[in-house]
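*Asks:*
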Amino acid sequence: MTKTREISFSSAAARLQYLLLMGLFRLAVTRALYGRFARGLGQLFNPDNAVFLRIGDAPPYRIALNDGYWTRFALYHHPYEPEVEAALEAARGHTSLFCDLGANKGYWTTRGAAMFARVIAVEASGATYRDLARNADALPNVALHRAAIHARSGETLTFLNTHLSHASARLLGTGTAGQDDRTETVTTLAIDDLVPAGTAALIKLDVEGAEVAAMDGAARALKDGSVLIYEDHGNDPACTPSAHLIGLDNMRLFAIEGGVMAMPSIKAIRALKTDPYKGYNFLAARADSPLLAAIIEGFAMPGQSR
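Using the numbering used here, the first residue of the sequence shown is number 3, and each one after it goes up by one.
1) In terms of DSSP beta bridges, what is Leu103 paired with?
2) Would Tyr78 be called buried (16 or more neighbouring beta carbons within 10 Å of its own) or exposed?
3) Quick one: any contact between the segment 123-131 and the segment 94-110, if contact means 3 or more CB pairs under 8 Å?
4) In this structure, does DSSP put Arg154 in helix, strand or coil?
5) I'd like the ranges of any alpha helix (DSSP H) spanning at least 4 consecutive residues and lying wholly in the segment 196-244.
6) Hey, quick one: how far does the alpha helix (DSSP H) through Tyr36 stretch, first residue to last?
7) Please return the same chain residues whose Cβ sits closer than 7 Å to the Cβ of Tyr20, not counting the five positions on each side in sequence.
8) Quick one: using the 10 Å Cβ neighbour count with 16 as the cut-off for buried, is Gly114 buried or exposed?
9) Using only the alpha-carbon positions, how far apart do Ala76 and Tyr279 sit?
10) Have a look at Leu134, Arg184 and Thr189 and flag the residue whose alpha-carbon is nearest the alpha-carbon of Leu159.
11) With DSSP collapsed to three states, give me the class of Arg28.
12) Which two residues bound the contiguous beta strand (DSSP E) that contains Ile193?
13) My guess is that Ala212 and Ala150 are in contact by the Cβ rule of under 8 Å, so how many angstroms apart are they, rounded?
14) Which same chain residues, not among the five before or five after Thr201, have their C-beta less than 6 Å away from its C-beta?
15) To the nearest angstrom, report how far apart Gln306 and Ala92 are at their CA atoms.
16) Taking Thr225 as the reference, which of Glu233, Val209, Met253 and Cys241 has the closest Cα?
17) So for Gln306, helix, strand or coil by DSSP?
18) Buried or exposed for Ser267, please, with buried defined as at least 16 other CB atoms from any protein chain shown within 10 angstroms of its CB.
19) Between Ile122 and the rest of its own chain, which residues show a CB-CB distance below 6 Å, the 5 nearest in sequence each way excluded?
20) Shortest alpha-carbon distance to Ala135 belongs to which of Asp234, His246, Arg120 and Thr112?
21) Exposed or buried, Ala34, counting other C-beta atoms within 10 Å across all chains shown (16 or more means buried)?
22) Please identify the residue among Glu83, Phe47, Pro84 and Tyr36 whose C-alpha is closest to the C-alpha of Arg74.
23) Taking just the CA atoms, how far does Val209 sit from Ala264?
24) Less than 8 Å separating the beta-carbons of Glu87 and Asn283?
25) State yes or no: is the C-beta of Leu293 within less than 8 Å of the C-beta of Thr97?
26) Identify the continuous beta strand (DSSP E) that holds Ile9 and give its terminal residues.
27) Identify which residue in Val214, Arg120, His147 and Tyr63 has its Cα closest to the Cα of Asn137.
28) So the candidates are Glu8, Leu23 and Ala60; which of them puts its Cα closest to the Cα of Phe118?
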C-alpha cells in the first residue's frame, strides 16, 4: 500500500527556495553540479530554511534546503531507498528493536519510530548528530548516541567530515584529511553493547568503510538472530563487507532491490553492482534466524507482515 507523503515549509521563503531548487535540479546534469546549485542557492536564503517531510504515520523529518544530499534524494528522487523501507515493513511486528547505525540526520530513525517499540540511533559526526537530535530527540521510543560503530566500545578514533557532503563522512583510518575537511575525535560503540542479549534486532548499518569492524562487534547479536541491512558500494569490486560476512559461520546474504534474492557468492553480488556511484543494500543473518525468515516471508507477501 502506498504511503501518504506530505511536505510543509518552515516559512514562505523556504517554499520559494524549494521551488527554485527543484527547478535547478532539472538543469543539473551531474550530482556534483546539483550539489553546487543547492549550496549556492542556500547562500542567498536563510540557512534555517527547511522542508518537513512526513511519510505515512512517521514523525516529520526536517531537511535543510541547503542540503544537496537530502533535497536530491528524499525530495526529488522519491521514494528514498524503497528496498530498506520494504525490509523495515517486513520486520514490523517481528522484533521490538530497530537500530539505525550511521543514522545521519535521522531519516530511517524517524521512519522506524512509527514501526518499532524501540529505536537506537547512532551517529558519529558532531554536526550531523545535532541535526539527528533535532529530528528525533523528542521521540519517546528513540535513544540517541553520538559515537562511531566499531569492533569494541570505548576506544577513541578520528572522524573525518568531508567539506562537500555529510553523507561521505567517515572514520579517518590511515588516510589524510583534505584541505577543506574537518576532523574530530569520537568514541566507539560495539553493536553487542547496544543490542540486549537475547534480542533479535533489525540493524541498519551504514558506516562508510568501517563495516567489517562494526560486524566484528556484532558477533553475539548475530548469534541471537539479529538481521543486518548493510551497504556494499558499487565502487568496491572486492565486495569487502559481503566477503567478510560470507566467511562467517552459517551466514546467509540476500539482495533486496525489487524483492529478496539469495546471494550465494561474491560473484553474484558483484554482478548486481553495476553503478560505481551507488551503495547497494543487502540483508545478512544466520540461517537459523527467525527474524530473517519473517522478513523473507514479508517480502514475499508485501503488506502482510505486522
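Heads up, the beta-carbon is just placed ideally off N, CA and C, and yes, glycines get one too. Bear in mind that the values here come from a model prediction, so they are computed numbers and not experimental data.
*Replies:* Working from what's here:
1) On the sequence shown, position 101 is the one that residue 103 refers to. In DSSP, Leu103 forms a bridge with Val124 and Leu207.
2) In the sequence shown, residue 78 corresponds to position 76, counting from 1. Tyr78 is exposed by the Cβ-count criterion.
3) yes
4) Your numbering for residue 154 matches position 152 in the sequence shown. If DSSP states are grouped into helix, strand and coil, Arg154 belongs with coil.
5) 213-218 and 221-225
6) Against the sequence shown, residue 36 aligns to sequence position 34. First-last of the alpha helix (DSSP H) with Tyr36: Arg33 to Gly44.
7) Mapped onto the sequence shown, residue 20 falls at position 18. Phe11, Val53 and Leu67.
8) For this step, residue 114 is matched to residue 112 along the sequence shown. Its Cβ being crowded by 16 or more others within 10 Å, Gly114 is buried.
9) As a first step, residue 76 is located in the sequence shown; it is residue number 74 there, counting from the start. As a first step, residue 279 is located in the sequence shown; it is residue number 277 there, counting from the start. So the two alpha carbons sit approximately 17 Å from each other.
10) In the sequence shown, the residue the question calls residue 159 occupies position 157. Measuring from the Cα of Leu159, the nearest candidate turns out to be Thr189.
11) By 1-based counting over the sequence shown, the position of residue 28 is 26. In the structure shown, Arg28 sits in coil (DSSP, three-state: anything other than H, G, I, E or B).
12) By one-based count along the sequence shown, residue 193 stands at place 191. Ile193 -> no beta strand (DSSP E), and no H or E assigned at all.
13) As a first step, residue 212 must be located in the sequence shown, where it is residue number 210. As a first step, residue 150 must be located in the sequence shown, where it is residue number 148. 7 Å between Cβ atoms; contact.
14) On the sequence shown, residue 201 is found 199 positions in, with the first residue counted as 1. Around Thr201: Leu99.
15) Residue numbering aside, residue 306 sits at position 304 when the sequence shown is read from its first letter. Residue numbering aside, residue 92 sits at position 90 when the sequence shown is read from its first letter. At Gln306, the pLDDT of 49 sits below 50, so the modelled position is not reliable; the number obtained from the coordinates is stated separately. Going by the C-alpha atoms only, they are around 8 Å apart.
16) As a first step, residue 225 must be located in the sequence shown, where it is residue number 223. Checking the displayed sequence, the identity of residue 225 turns out to be Lys instead of Thr. Lys225 has its Cα closest to that of Met253, out of Glu233, Val209, Met253 and Cys241.
17) By 1-based counting over the sequence shown, the position of residue 306 is 304. Low local confidence applies: a pLDDT of 49 at Gln306 is under 50, so the model's placement there is unreliable, and no value is given.
18) To locate residue 267, count along the sequence shown from 1; it is residue 265. Ser267 should be labelled exposed.
19) Reading the sequence shown from its first residue, position 120 is the one you call residue 122. Excluding sequence neighbours, Ile122 sits near Cys101, Ala145 and Leu196.
20) Counted from its first residue, the sequence shown places residue 135 at position 133. Looking at the Cα atoms, Thr112 is the closest of the given residues.
21) Start at 1 with the first residue of the sequence shown, and residue 34 comes out as number 32. The residue in question, Ala34, is exposed, as its Cβ has fewer than 16 Cβ neighbours within 10 Å.
22) On the sequence shown, position 72 is the one that residue 74 refers to. Comparing Cα-Cα distances from Arg74 to each of Glu83, Phe47, Pro84 and Tyr36, the minimum goes to Tyr36.
23) Indexing the sequence shown from 1 puts residue 264 at position 262. Indexing the sequence shown from 1 puts residue 209 at position 207. Roughly 23 Å between the two C-alpha positions.
24) Indexing the sequence shown from 1 puts residue 87 at position 85. Indexing the sequence shown from 1 puts residue 283 at position 281. Not closer than 8 Å, so no.
25) Taking the sequence shown and counting its residues from 1, the one referred to as residue 293 is at position 291. Taking the sequence shown and counting its residues from 1, the one referred to as residue 97 is at position 95. In contact: Leu293 and Thr97 (Cβ atoms closer than 8 Å).
26) Taking the first residue of the sequence shown as position 1, residue 9 is located at position 7. That run of the beta strand (DSSP E) goes Arg7 to Phe11.
27) The residue given as residue 137 occupies position 135 in the sequence shown. Of the candidates Val214, Arg120, His147 and Tyr63, the one whose C-alpha sits nearest the C-alpha of Asn137 is Tyr63.
28) Taking the first residue of the sequence shown as position 1, residue 118 is located at position 116. The option with the nearest alpha carbon to Phe118 is Ala60.
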